[in-house]
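Structure first, commentary second.
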Amino acid sequence: MNQKLLIDADPGIGDALAILIALADPSLDVLALTACGGTVSGTQATRNLHYLTDLMDPLRHPRIGQAAFTEGRLAELPEGLPHPQALHGRFGLGDVEPLVPDLHNRRESARLIVDVVREHPGEVRILTFGPLTNVAMAFELDPELPVLLNGLICLGGSLHGVGDVTAMAEFNLWCDPAAAGFVIRSPVGKILVPLEVGHSVGLTFEDIERLSGLIPSTPVGELATGLLQYSARACRQLMPFEEVTLPAAAALAIASRAAAFDTAHVAADVETSGDLTRGTLVLDRRRFQHRQTNLEIVATVESGATIDYFCRGLRRAATRHG
């Protein structure tokens, strides 16, 4: 039986590509896509999910959840960091302006999470690519929800305490540390895919050129190629490394079991205050610590299998939509 999946995202180029792959993966049944603010605003995240689903036109359309605070401002990044628009484009999808109908009668993301899990108790796995705001809200709305899930896989945090927004904090946890801490402390089986693991999988600029030539020239294929090439240009101009990393694809490969991975069981929490430490994932590494472990954190993922899954998935998405 196919894995029932709910994806919560703030797309973003990397998230968008992973969502296209998930919608085309015959081993996955993507029941819902829920929007959250992060890389883009909640309003834009909702529009991007709607645009991707309409373009992909899968045989079974996932339900779309609308971010609760759709007009909220994005978090103010520390000075000196590239703005998300520089890395992902004005609307999060490179050069594309996602034109979609007005957003009427959509279910709020957190409430849709509750509905979908309640309709399929014990079967739904949630995969998050962005801040954990929606999952925390869903758990507050329905305290029984954690035990009704077939697992939670979250992209976020740092294994070794080296961040990407601050010296110690990773973006997704930094955006809403209270929600992240609440989810990590919740009684649900959860796997965290940290920054180091997400960034261990990537494509060089030459890889992207080769892959772009292999993706069929369909509407989905042209979108995927455009997103890859936009990301390569942005990384070449703004980032200190010669590749495009694929953290969302790594998290999806783990969720779909397309790539082997190793985890460690840890006692974890998230720092919610402090000028230097807000949003830091805190792992209790004491030899004789007394806290019960509450999290599996991924230590390694099979890079070659993940890249193969990513490349095959984009080619499949370009040819199997509708």
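Per our numbering: the sequence shown = residues 2 to 323. Yeah, the Cβ is synthetic: ideal placement off N, Cα and C, and Gly gets one too.
Span separating the alpha-carbon of residue i from that of residue j
i: residue 94; j: residue 255; result: 24 Å
i: residue 138; j: residue 163; result: 28 Å
i: residue 65; j: residue 7; result: 10 Å
i: residue 74; j: residue 241; result: Note that residue 74 has pLDDT 49, beneath the 50 cutoff, so the model's placement of it is unreliable and the number below is only indicative. Between residue 74 and residue 241, the C-alpha separation is close to 28 Å.
i: residue 16; j: residue 310; result: 15 Å
i: residue 178; j: residue 147; result: 19 Å
i: residue 251; j: residue 47; result: 23 Å
i: residue 26; j: residue 289; result: 44 Å
i: residue 14; j: residue 222; result: 14 Å
i: residue 41; j: residue 11; result: 6 Å
i: residue 166; j: residue 274; result: 15 Å
i: residue 130; j: residue 91; result: 19 Å
i: residue 58; j: residue 34; result: 14 Å
i: residue 196; j: residue 161; result: 9 Å
i: residue 266; j: residue 38; result: 29 Å
i: residue 183; j: residue 207; result: 42 Å
i: residue 5; j: residue 126; result: 6 Å
i: residue 308; j: residue 247; result: 8 Å
i: residue 226; j: residue 30; result: 25 Å
i: residue 83; j: residue 143; result: 37 Å
i: residue 60; j: residue 299; result: 33 Å
i: residue 270; j: residue 236; result: 32 Å
i: residue 209; j: residue 124; result: 36 Å
i: residue 285; j: residue 97; result: 43 Å
Opposing strand residues paired with residue i [DSSP bridges]
i: residue 288; result: BP columns for residue 288 are empty, so no partner.
i: residue 314; result: DSSP output for residue 314 lists no bridge partner at all.
i: residue 265; result: 298
i: residue 8; result: 34, 128
i: residue 205; result: 244
i: residue 270; result: 283
i: residue 66; result: 35, 108
Exposure label - residue i; buried when at least 16 CB within 10 Å
i: residue 45; result: buried
i: residue 134; result: buried
i: residue 3; result: exposed
i: residue 238; result: exposed
i: residue 109; result: buried
i: residue 1; result: Absent from the model: residue 1. The displayed extent of the chain is 2 to 323, so no value can be given.
i: residue 145; result: exposed
i: residue 99; result: buried
i: residue 257; result: buried
i: residue 319; result: buried
i: residue 214; result: exposed
i: residue 205; result: exposed
i: residue 272; result: buried
i: residue 9; result: buried
i: residue 297; result: buried
i: residue 132; result: buried
i: residue 21; result: buried
i: residue 259; result: buried
i: residue 314; result: buried
Beta-carbon separation (whole angstroms), residue i vs residue j, contact threshold 8 Å
i: residue 316; j: residue 217; result: 7 Å
i: residue 192; j: residue 294; result: Not a contact, Cβ separation roughly 13 Å.
i: residue 302; j: residue 198; result: 5 Å
i: residue 56; j: residue 220; result: 6 Å
i: residue 54; j: residue 170; result: The pair is not a contact, with the Cβ atoms about 32 Å apart (cut-off 8 Å).
i: residue 153; j: residue 115; result: About 14 Å; that fails the 8 Å criterion.
i: residue 279; j: residue 175; result: 7 Å
Three-way DSSP call (helix, strand, coil) for residue i in this model
i: residue 327; result: Residue 327 lies beyond the range of the chain shown here (2 to 323); nothing can be said about it.
i: residue 145; result: coil
i: residue 154; result: strand
i: residue 194; result: strand
i: residue 29; result: strand
i: residue 277; result: coil
i: residue 216; result: coil
i: residue 109; result: strand
i: residue 320; result: helix
i: residue 61; result: coil
i: residue 54; result: helix
i: residue 16; result: helix
i: residue 78; result: coil
i: residue 305; result: helix
i: residue 259; result: coil
i: residue 173; result: helix
i: residue 239; result: helix
i: residue 96; result: coil
i: residue 138; result: helix
i: residue 89; result: helix
i: residue 49; result: helix
i: residue 101; result: coil
Any chain B beta carbon closer than 8 Å to residue i
i: residue 184; result: Absence of chain B from the displayed structure is noted, only one protein chain being present.
Check: residue i C-beta below 7 Å from any heavy atom of the ligand SAM
i: residue 20; result: With respect to the ligand SAM, the structure shown offers nothing to examine, as it has no ligands at all.
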